[in-house]
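Chemist:
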Amino acid sequence: MWYKLAWRLFRHEARRGELTIILLAITLSVAAVLSLSLFSERLQSALTERSADFIAADRVLDSRKPVDPTWLENAEENGLNTAHQVYARSMAFANEQMSLVSLRAATPEFPLKGDIKTTDQPFGVGVVTEDTPKSGEAWVESRLFQSLGLELNSTIDVGDMTFTVTRVLSEVPDSGFNVFGGDPKVLISIDDLDATNITGPGSRVTYSYFFTGESNQLDDYYDWLEPNLDRELHRWESVEDDDSAIGRSVARAEQFFLLASLLAIVLAAVSIAVAAQRYSQRHYDPVAIMKTLGASKGTIQKVYLLQIIFIATLGILLGTAAGMLIQQVIVSIVAERMDITLDGWHWRPLIIAVFTGVICALMFSLYPMLKLFSVPPLRVLRRQMGAGLSSRLIQFVAAGGAILLLMWAYSNNIVISLILFISGIVLVASLMLVTYGLIWVGRKLGQGKMGAWQLAWARIQRRSMDNSVQLISFAITIMLLLIVLVMRNDMVQQWRDQLPEGTPNYFMANITETQLPELQTHFSDRDVQVDNYFPVIRARFVAINDEKIRTDVTKEEEENVEREGRDGLGREANLTWSTTLGEGNTVIEGTWLSDEEKTGEFYGVSVESGIAENLNIGLGDLLTFNIGSEIVNVEVTSVREVNWQSMRPNFFFVLHPKSLEGFSPTYITSFHLDKDRKTEITGLMQPFASVTLFDVDARLDQLRSIIDQVSVAVEFILVLVLVAGALVLIAQVQASMDERQQELAILRTLGAKGTMIRASVVFEFIIIGVVAGAMAAVANELALFLLQSQVFEMQAAIHWEFWLLAPAIGAGVVGILGAISCWRLLSLNTSHLLRQMV
Amino acid sequence: MNSTPANMIETKNITKVVDTTEGQLQILQPISFNVKAGESVAIVGASGSGKSTLLSLLAGLDEVSDGDIVLDGKALKGMGEEERAQLRGEKVGFIFQSFMLVQSLTALENVMLPAEIAGMHDAKEKAQEILEKVGLGHRGTHYPNQLSGGEQQRVAIARAFITKPKILFADEPTGNLDAANGTKVENLLFELNQGSNTTLVLVTHDNELAERCQRQLHMHAGELTELSNDKDVVENEQLERQAG
Chain A
1 MWYKLAWRLF
11 RHEARRGELT
21 IILLAITLSV
31 AAVLSLSLFS
41 ERLQSALTER
51 SADFIAADRV
61 LDSRKPVDPT
71 WLENAEENGL
81 NTAHQVYARS
91 MAFANEQMSL
101 VSLRAATPEF
111 PLKGDIKTTD
121 QPFGVGVVTE
131 DTPKSGEAWV
141 ESRLFQSLGL
151 ELNSTIDVGD
161 MTFTVTRVLS
171 EVPDSGFNVF
181 GGDPKVLISI
191 DDLDATNITG
201 PGSRVTYSYF
211 FTGESNQLDD
221 YYDWLEPNLD
231 RELHRWESVE
241 DDDSAIGRSV
251 ARAEQFFLLA
261 SLLAIVLAAV
271 SIAVAAQRYS
281 QRHYDPVAIM
291 KTLGASKGTI
301 QKVYLLQIIF
311 IATLGILLGT
321 AAGMLIQQVI
331 VSIVAERMDI
341 TLDGWHWRPL
351 IIAVFTGVIC
361 ALMFSLYPML
371 KLFSVPPLRV
381 LRRQMGAGLS
391 SRLIQFVAAG
401 GAILLLMWAY
411 SNNIVISLIL
421 FISGIVLVAS
431 LMLVTYGLIW
441 VGRKLGQGKM
451 GAWQLAWARI
461 QRRSMDNSVQ
471 LISFAITIML
481 LLIVLVMRND
491 MVQQWRDQLP
501 EGTPNYFMAN
511 ITETQLPELQ
521 THFSDRDVQV
531 DNYFPVIRAR
541 FVAINDEKIR
551 TDVTKEEEEN
561 VEREGRDGLG
571 REANLTWSTT
581 LGEGNTVIEG
591 TWLSDEEKTG
601 EFYGVSVESG
611 IAENLNIGLG
621 DLLTFNIGSE
631 IVNVEVTSVR
641 EVNWQSMRPN
651 FFFVLHPKSL
661 EGFSPTYITS
671 FHLDKDRKTE
681 ITGLMQPFAS
691 VTLFDVDARL
701 DQLRSIIDQV
711 SVAVEFILVL
721 VLVAGALVLI
731 AQVQASMDER
741 QQELAILRTL
751 GAKGTMIRAS
761 VVFEFIIIGV
771 VAGAMAAVAN
781 ELALFLLQSQ
791 VFEMQAAIHW
801 EFWLLAPAIG
811 AGVVGILGAI
821 SCWRLLSLNT
831 SHLLRQMV
Chain B
1001 MNSTPANMIE
1011 TKNITKVVDT
1021 TEGQLQILQP
1031 ISFNVKAGES
1041 VAIVGASGSG
1051 KSTLLSLLAG
1061 LDEVSDGDIV
1071 LDGKALKGMG
1081 EEERAQLRGE
1091 KVGFIFQSFM
1101 LVQSLTALEN
1111 VMLPAEIAGM
1121 HDAKEKAQEI
1131 LEKVGLGHRG
1141 THYPNQLSGG
1151 EQQRVAIARA
1161 FITKPKILFA
1171 DEPTGNLDAA
1181 NGTKVENLLF
1191 ELNQGSNTTL
1201 VLVTHDNELA
1211 ERCQRQLHMH
1221 AGELTELSND
1231 KDVVENEQLE
1241 RQAG
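Keeping their order, the protein sequence lines are chains A and B.
Residue 369 in this note's numbering sits at position 369 of the first sequence; the count goes up by one each step and never skips.
Residue 1242 in this note's numbering sits at position 242 of the second sequence; the count goes up by one each step and never skips.
1) Quick check: the Cα distance between residue 545 of chain A and residue 636 of chain A, rounded to an integer number of angstroms?
2) Among the candidates A:677, A:92, A:78, A:173, whose CA atom is the shortest distance from the CA of residue 140 of chain A?
3) Could you tell me which chain A residues have their CB closer than 7 Å to the CB of residue 1109 of chain B, listed as they occur along the chain?
4) Whose C-alpha, out of A:751, A:799, A:230, A:715, is nearest the C-alpha of residue 330 of chain A?
5) Interface residues of chain B around residue 745 of chain A at Cβ under 7 Å?
6) Taking only runs of the beta strand (DSSP E) that begin and end inside the segment 131–218 of chain A, which ones reach a length of at least 3 residues, in chain order?
7) To which residues of the same chain is residue 718 of chain A closer than 6 Å at the C-beta, ignoring the five residues directly before and after it?
8) Any C-beta of chain A within less than 8 Å: which residues of the segment 1050–1075 of chain B qualify?
9) May I ask you to verify whether the segment 1010–1027 of chain B touches the segment 1051–1070 of chain B, counting CB pairs closer than 8 Å and requiring at least 3?
10) Given a limit of 8 Å on CB to CB distance, which residues of the segment 362–381 of chain A reach chain B?
11) Have a look at A:666, A:603, A:669 and flag the residue whose alpha-carbon is nearest the alpha-carbon of residue 623 of chain A.
12) Using CA atoms only, rank isn't needed, just tell me which of B:1193, B:1105, B:1107 is closest to residue 1041 of chain B.
13) Are the segment 358–368 of chain A and the segment 66–75 of chain A touching by the rule of at least three beta carbon pairs closer than 8 Å?
14) Residue 839 of chain A by DSSP, collapsed to three states: which one?
15) Tell whether a beta-carbon distance below 9 Å holds between residue 218 of chain A and residue 287 of chain A.
16) Verify whether the separation of the beta carbon atoms of residue 747 of chain A and residue 817 of chain A is less than 9 Å.
17) Measure the alpha-carbon distance for residue 1202 of chain B versus residue 1133 of chain B and round it to whole angstroms.
18) Mind checking whether residue 615 of chain A and residue 549 of chain A have CB atoms under 9 Å apart?
19) Give me the residue from A:766, A:801, A:767, A:721 with the minimum Cα distance to residue 31 of chain A.
20) Can you round the beta-carbon distance between residue 539 of chain A and residue 509 of chain A to whole angstroms, since I take them to be within the 8 Å contact cut?
21) Buried or exposed: residue 594 of chain A, going by 16 or more other Cβ atoms within 10 Å of its Cβ?
22) So what's residue 1253 of chain B in DSSP terms, helix, strand or just coil?
23) So, is residue 1077 of chain B buried or exposed, given that buried needs 16 or more other C-beta atoms within 10 angstroms?
24) Closer than 9 Å, CB to CB, is residue 1100 of chain B near chain A or not?
25) Between residue 1221 of chain B and residue 302 of chain A, what straight-line distance do the alpha-carbon atoms span, to the nearest angstrom?
26) Under a three-way DSSP split, which group does residue 595 of chain A fall into?
27) Hey, would you say residue 478 of chain A sits closer than 9 Å to residue 809 of chain A, going by beta carbons?
28) Of all the residues that make up the segment 1158–1180 of chain B, which are near chain A by a beta-carbon distance shorter than 7 Å?
29) Residue 1118 of chain B versus chain A: which residues are under 8 Å apart at the beta carbon?
30) Mind the definition here: the segment 203–217 of chain A touches the segment 82–98 of chain A only if three or more C-beta pairs lie below 8 Å; say whether that holds.
31) Does any C-beta atom of chain A lie closer than 9 Å to the C-beta of residue 1092 of chain B?
32) Alpha carbons only, please: which of B:1070, B:1195, B:1206 is nearest the one belonging to residue 1007 of chain B?
33) Count the other CB atoms within 10 Å of the CB of residue 18 of chain A; is the residue buried (16 or more) or exposed (fewer)?
34) Give a yes or no on whether the minimum CB-CB distance between residue 1085 of chain B and chain A is below 9 Å.
35) Consult DSSP for residue 569 of chain A and reduce its assignment to one of helix, strand or coil.
36) Using a C-beta to C-beta distance shorter than 8 Å, which residues of chain C count as neighbours of residue 297 of chain A?
Right, dumping it as structure tokens:
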């Protein structure tokens, strides 16, 4: 029977609109969590997929020797797809010229992820191809066409075999990005490899085996394979966290998503608590009646718990539907313009969203419900009797616990959750103190004649506890809205600043000293602005403090370096010299190289902080490089932090110019060429066949489009948080209006003019709004400083405009909401008001 | 099976003391009286005399400070809140001055409420039947705020009788009604009461209403005295007025 009663009450209450706020709040929190985390997971997996494109598979096994064929058989038996490629450095000959090339002999299955792009014209726009070279064919990179004077269908000799050049190779997925110019690539069929005879003893050959499949299959396979692997011979590579500029931007956006949706949840939870409180108070009578009529406490608990379950279920269903719809809309907008597929389904966001809905519905209504259950039956006779439960401890424990639990579940990080949570408590406590102070001062100032202002202050002071809670929730709501707004503005702005108009989209390397003046004139004649020319000297990094460095430094460092996409280290290092600190470089230890002569025995060198950390290099260490047959010793005088996202050439080692005197460098530089001038590039590069050109336009476009699209998502979150904030404000105003009803009725009965009452209520809300806005501005500044400097690693700044704007917004929004609610109440006649009070 | 005891309500030396900021306040002096099964008793007295407190104690809504109350053979002393609620559900009906209908339920659903709490399966049919009896069969789907005061009280009466309680407590049942509606409600109340042989205890200011009961008890400053006839009621009121 109790379930029928519960359902009946739920139905009627819902029809009367009494449950709308709670329902909206649950729906909103579920929708926010689901859409944001689903979107973020899908984006993350799309980016992982994209990273997989860069290694051409989900996992790669590199080996210095061919592996046991059973390993591959086993992989296939495990349901994995496999492909195979052999890399070797070799000389290619054509038209009586020669060039060192990076030869790749691939099976037709290659690549398993990503695409090979080819074109008919050197430096033309690459088109995706499903083919791989047939036996006897070679696909050759544009640069080789330049340096060997090749044409399509001409021949090229590699080792003992002659190939016909059938296509220009634009892109191979696993080629990485190397401004220092690896050797030009030549792709052939694996069937022709033996005929070239270049894989004999002593040759540097890498055998790569590619795998794709479900991650559990891949993990199982690796578990089987691992005991067979030899660290000296084999390397297992998987899709790492994307550390590229795109990856970092997305990571920062995800942190923002996380923060914003946490805030949206907190706001939604507050509105649930406020609305549940109101619902509970409105049900004191029905509970007292039911108890009088013989209902046990258990029955009452079941009746109301079931109602919460009904509303939570409905909210979760609506929220799930809304969340999926919202994320689908974002995803379709993003996928339309972003070169990644956003498919796949993730259960974790759904579980978290449902969990959020349940926790919000239960924990934030717990205290109001406990209060409701404690209403004594005697209330039917003694109308003023409220709930028996007066301790707010349960409320604080339940609500606080729920918020902490949600933060933890959502962020997966107890430390961040605790920091946020404890800061929140400190904030609330300080706001509480300030509120009491303000209310006291306001009342003192407002004493005297009983006008609308005085009435407003009097009311604020009389209900100072309720008002403090209200004021604090207004202040926090406004603060959270400001945080999200400012974060969004600053973040989007900083993203855009990262890639301003005119960001270099081409890199040139291998410019010889003799070519340099000619190239400079050539480019300036054609109105192409070229950045600084950086001298590069290829060297071998031999020793630190006379201690020899092992081959490839160490495995770990090699991996790190490769992940950064820069081949500058290993045994080979690219050295530059300068006494001017490059853009995006910051000295964090020691002093930068000066023009002065050396003070000690050696000239100075500045080392990039990452490599310094990896190789355990510190100030004063002696580094030894081998350039040709010469030995160069330098002393570490500074450690630099380098912004690798600057899209400008950057170096691990910057030496003093004097230390490299007498060596002839090549130069590298970057320049920007507008899209509509792209066709000029062949003509531009024509006289400099040996100069290596890299086109990074596609990469920049991709980065820009992701930034744009993530910005759209960020804006969408702003809207979500705004809605959540509005819900809290409406719930609060609505709740306080119930309390005001009686007072208004009495004032009306006593003959107070409607205009005066209206004005006093509006003033009251304006006062609360201004104070809340002002407190929000201060708290916002503090919170932003901490967030930007500690979490988002952004430049923190003071936002003076909000110091004025926040109180104004507070006064406006809270005042208007108050006025609207109050108008409705005052439009009722006095007798109706009095009847409603009964 | 228990036979119905001669006394439906027995009270012995019941007192009520409450804590106030100025110390303890004795609202009820020791009171002892019995009410026979099927009897109708009016408790009259001025505001603040303790009538409602007595009613709340008799109905088990509140606990006595001392003394014993036995309802239909069951002693309230020692019963917890839950047991008292169960006892009310089984044996007691209520009518209040402010009707105390659940605003979010329709008239029919309000009447069904105690029947459902008692676990009756035909609650809806019974509710409809009794609504017809009180002349509101056609208003079953209306919400309380769509009904007049008189109609609301008739719904409350229907609700009180649906479980056929052995005892009916009424607190100023006509207090919020105009004369015409008040009389209508009174008639209905006594009609149903007689029809179902319920023991009726009502608290009222209204002499006419009190006179319709078989016995009248008078509360004054927490003390209860039994009035033997109508004249006593009038005299008592005069005394109170003089004292006031």
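Just so you know, even glycine gets a beta-carbon here, dropped at the ideal spot from N, CA and C.
Modeler: Reading it off the structure:
1) 10 Å
2) A:92
3) 8
4) A:715
5) The contacting residues do not exist; residue 745 of chain A stays about 16 Å from chain B at best.
6) 137–141, 155–158, 161–171, 185–189, 205–212
7) 484, 488
8) 1052, 1055, 1056, 1059, 1061, 1062
9) yes
10) 376, 377, 378, 380, 381
11) A:603
12) B:1193
13) no
14) Outside the shown range of chain A, which is 1 to 838, sits residue 839 of chain A, and nothing can be said about it.
15) no
16) no
17) 21 Å
18) yes
19) A:721
20) No, residue 539 of chain A and residue 509 of chain A are not in contact; Cβ-Cβ is about 16 Å, not under 8 Å.
21) exposed
22) Residue 1253 of chain B lies beyond the stretch modelled for chain B, which goes from 1001 to 1244, so this question has no answer here.
23) exposed
24) yes
25) 41 Å
26) coil
27) yes
28) 1171
29) 294
30) yes
31) yes
32) B:1070
33) buried
34) yes
35) Bear in mind that a pLDDT of 43 at residue 569 of chain A, under 50, signals an unreliable position, so the model cannot answer this.
36) Among the chains of the structure shown, chain C does not appear; the protein chains present are A and B.
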